[in-house]
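Asks: Okay, here's the structure, questions in a sec.
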Amino acid sequence: MIIRIAKRLGSAVALTLLLAACDIGEITPVETQGWRDAADAPQSWDEVVADPVALDVTAYVTGEVLAGPGILIDPDVEGVPAEYAQDIWVPAISYLVTHPSGKRVLLDAGLKAGDCSYSVVMVISIGCRNVVGRDVVTQLAADDIDSIDYIFISHFHGDHASGLEQVLARYDPVVLTTDAELDGIQSMTRELAGYKRNQLAADMRVETMDTHLLDMQHLKAADLFGDGSLWLLSTPGHTAGHASALLNTPDGPTVLTFDAAHLEATYTYTAPGGLWYDVEAGAQSIEGLKSLAASLAGARVLFGHEPTQWTPDTHRVALTSPTTGE
16 MIIRIAKRLG SAVALTLLLA ACDIGEITPV ETQGWRDAAD APQSWDEVVA
66 DPVALDVTAY VTGEVLAGPG ILIDPDVEGV PAEYAQDIWV PAISYLVTHP
116 SGKRVLLDAG LKAGDCSYSV VMVISIGCRN VVGRDVVTQL AADDIDSIDY
166 IFISHFHGDH ASGLEQVLAR YDPVVLTTDA ELDGIQSMTR ELAGYKRNQL
216 AADMRVETMD THLLDMQHLK AADLFGDGSL WLLSTPGHTA GHASALLNTP
266 DGPTVLTFDA AHLEATYTYT APGGLWYDVE AGAQSIEGLK SLAASLAGAR
316 VLFGHEPTQW TPDTHRVALT SPTTGE
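One point on numbering: in our numbering, the residue at position 57 of the sequence shown is 72, and numbering is uninterrupted.
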């Protein structure tokens, strides 16, 4: 979809992009320990959830973005309520996961402090509103978080990654992403895909999950710590390299769709919005997530931007019980 739009924008835009293409931070590939090896892959998700791990998980609401059906959902899909054929304000979330080993992973960076608006395909503006002190770094500091080992970026759009530079400056974590996302942010046409070069100015140590993907049922998945606690799921469609996550805790499994399904209705009706890299792939990813969630007894699904899942004015939510993280 975005590729077709890029072709219509013409050579003048292409020249502008070419001149501005190389002004992002240095990207250094790294390799870390802990990923589960294919030879040790579990036989089923039942095997995984039968052995949960005591993760401590906190969600931070970093602000809201104003987005319409062209991004959030396709309102023309049969069954989608008419109310979704309009712009709505939706929350931008970042999740902090603390492993029993003491290692911490931040899932998405959320919205940066201050002016956090951005554009997609250079002509579609995404409005933003936030509150002083609600960016994820300020909230983490208030919770006395002094270290983060990894930051997983589901994809590099501004509502998920504009806070990345501040996270890198304070904590210097390894950035976890996919090969396709890494290609996207280094592309000369990154601006057309909604990857803003001024949000990618910091140097990054990056590890991609692709070589660690296992052929699990429903979706390919990478087991970050090798113990079944935190799985990164391949869910392309919204962007070429979009990824989701599964948390396996004693409170029950939690599927984080991120923008594979912006809204509960996007998920329920398999209705990815029109402004997607590949709508067909996006629909397949939604179906994979639905099959995965259905196979996990008691699974909770948290969507990328579902406003009904977050109480108004809430900015910090503990997603695991106090005993889970002990």
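Note that beta-carbon positions come from the ideal geometry of N, C-alpha and C, so glycine has one too.
1) Looking at the structure shown, is Glu-279 part of a helix, part of a strand, or coil, going by DSSP?
2) Could you say which of Ser-259, Cys-143, Val-316, Trp-291 lies nearest to Glu-279 if we only look at CA atoms?
3) Where do the N-terminal and C-terminal ends of the alpha helix (DSSP H) with Ile-42 fall, by residue?
4) Could you pull out every residue in the same chain whose Cβ sits closer than 8 Å to the Cβ of Glu-46, ignoring the five residues on either side in sequence?
5) Determine the contact status of His-175 and Ala-124, defining contact as a CB-CB distance below 8 Å.
6) Of the choices Gln-58, Thr-269, His-253, whose alpha-carbon is the least far from that of Ala-286?
7) Report back the beta-carbon spacing between Ala-156 and Leu-183 to the nearest angstrom; my notes put them in contact at under 8 Å.
8) Counting C-beta neighbours from all protein chains within 10 Å, is the total for Asp-91 16 or more, i.e. buried, or is it exposed?
9) Rounded to whole angstroms, how far is the Cβ of Thr-335 from the Cβ of Leu-122, which I believe are closer than 8 Å?
10) Do Val-68 and Asn-10 count as a contact pair if the criterion is CB distance below 8 Å?
11) Rounded to a whole number of angstroms, what is the C-alpha to C-alpha distance between Cys-193 and Ile-200?
12) Do the stretch 295-309 and the stretch 242-251 touch if we need at least three Cβ pairs shorter than 8 Å?
13) So what's Leu-155 in DSSP terms, helix, strand or just coil?
14) Assuming His-15 and Asp-274 form a contact by the criterion Cβ under 8 Å, report the distance between their Cβ atoms to the nearest whole angstrom.
15) Hey, would you say Thr-366 sits closer than 8 Å to Val-147, going by beta carbons?
16) From what residue to what residue does the beta strand (DSSP E) around Asp-238 run?
17) Locate the alpha helix (DSSP H) running through Ser-310, then write down its first and last residues.
18) Note down the Cα distance separating Asp-328 from Val-64, rounded to an integer number of angstroms.
19) Can you tell me which of Thr-323, Ser-310, Asn-145, Gly-288 puts its alpha carbon nearest to the alpha carbon of Val-95?
20) Considering only DSSP beta bridges, list what Ala-260 is partnered with.
21) Which whole-angstrom value describes the C-beta separation of Ala-260 and Phe-167, a residue pair presumed to lie in contact below a C-beta threshold of 8 Å?
22) Identify which residue in Leu-207, Cys-143, Val-189, Thr-323 has its Cα closest to the Cα of Ala-82.
23) My understanding is that Val-189 touches Asp-164, with C-beta atoms under 8 Å, so please give their C-beta distance in whole angstroms.
24) For Pro-106, which beta-bridge partners are listed by DSSP?
25) Please confirm whether any heavy atom of the ligand SAH lies closer than 7 Å to the CB of Val-190.
26) What do you get for Arg-331, buried or exposed, if any count of 16 or more other CB atoms within 10 angstroms of its CB means buried?
27) Write down the C-beta distance between Leu-239 and Val-270 rounded to the nearest angstrom, noting that I regard them as a contact closer than 8 Å.
28) Pull up the DSSP beta-bridge partners for Cys-143, would you.
29) Given this structure, state the Cα-to-Cα distance separating Thr-204 from Thr-326, to the nearest angstrom.
30) Should Ala-195 be flagged as near chain B, meaning a C-beta pair shorter than 8 Å?
Replies: In short:
1) In this structure, Glu-279 counts as helix in the three-state DSSP scheme.
2) For Glu-279, the nearest C-alpha among the options comes from Val-316.
3) That residue, Ile-42, is in no alpha helix (DSSP H); its beta strand (DSSP E) goes 42-44.
4) So the list reads Glu-222, once near-sequence residues are dropped.
5) The answer is yes: Cβ separation under 8 Å.
6) That would be His-253, whose Cα lies nearest to the Cα of Ala-286.
7) Contact flag wrong, Cβ pair sits at about 15 Å.
8) With fewer than 16 Cβ atoms within 10 Å of its Cβ, Asp-91 is classed as exposed.
9) Not quite, the Cβ-Cβ distance comes to about 14 Å (not below 8 Å), so this is no contact.
10) The question about residue 10 has no answer here: the residues shown for the chain are numbered 16 through 341.
11) It is Thr, not Cys, that sits at residue 193 in the sequence shown. Between the C-alpha atoms of Thr-193 and Ile-200 there is a straight-line separation of about 11 Å.
12) Touching, yes, given that three or more Cβ pairs across the two stretches are closer than 8 Å.
13) Helix, per DSSP.
14) Any question about residue 15 goes unanswered here, given that the chain covers just 16 to 341.
15) Past the boundaries of the shown model lies residue 366; the chain is included only from 16 to 341, so the question cannot be answered.
16) Element bounds for Asp-238: 235-238.
17) Its alpha helix (DSSP H) spans residues 294-310.
18) As the crow flies, the alpha-carbon of Asp-328 is around 33 Å from that of Val-64.
19) Of the listed residues, the one whose Cα sits closest to Val-95 is Gly-288.
20) Under the DSSP definition of a beta bridge, Ala-260 partners with Leu-247, Leu-271.
21) The pair is a contact, with the Cβ atoms about 7 Å apart (cut-off 8 Å).
22) Taking only the C-alpha atoms, the option nearest Ala-82 is Cys-143.
23) Their Cβ separation, rounded to whole angstroms, is 7 Å, which keeps Val-189 and Asp-164 in contact under 8 Å.
24) DSSP lists Glu-79 as partners of Pro-106.
25) Because no ligand of any kind appears in the structure shown, any question about the ligand SAH cannot be addressed here.
26) Under the 10 Å beta carbon count, Arg-331 is surrounded by fewer than 16 other beta carbons and is classified as exposed.
27) That belief does not hold up - the Cβ atoms of Leu-239 and Val-270 are roughly 15 Å apart, past 8 Å.
28) Cys-143 is bridged to Val-80.
29) Rounded to whole angstroms, the gap between the alpha carbons of Thr-204 and Thr-326 is 38 Å.
30) Absent from the structure is chain B; it holds one protein chain and no more.
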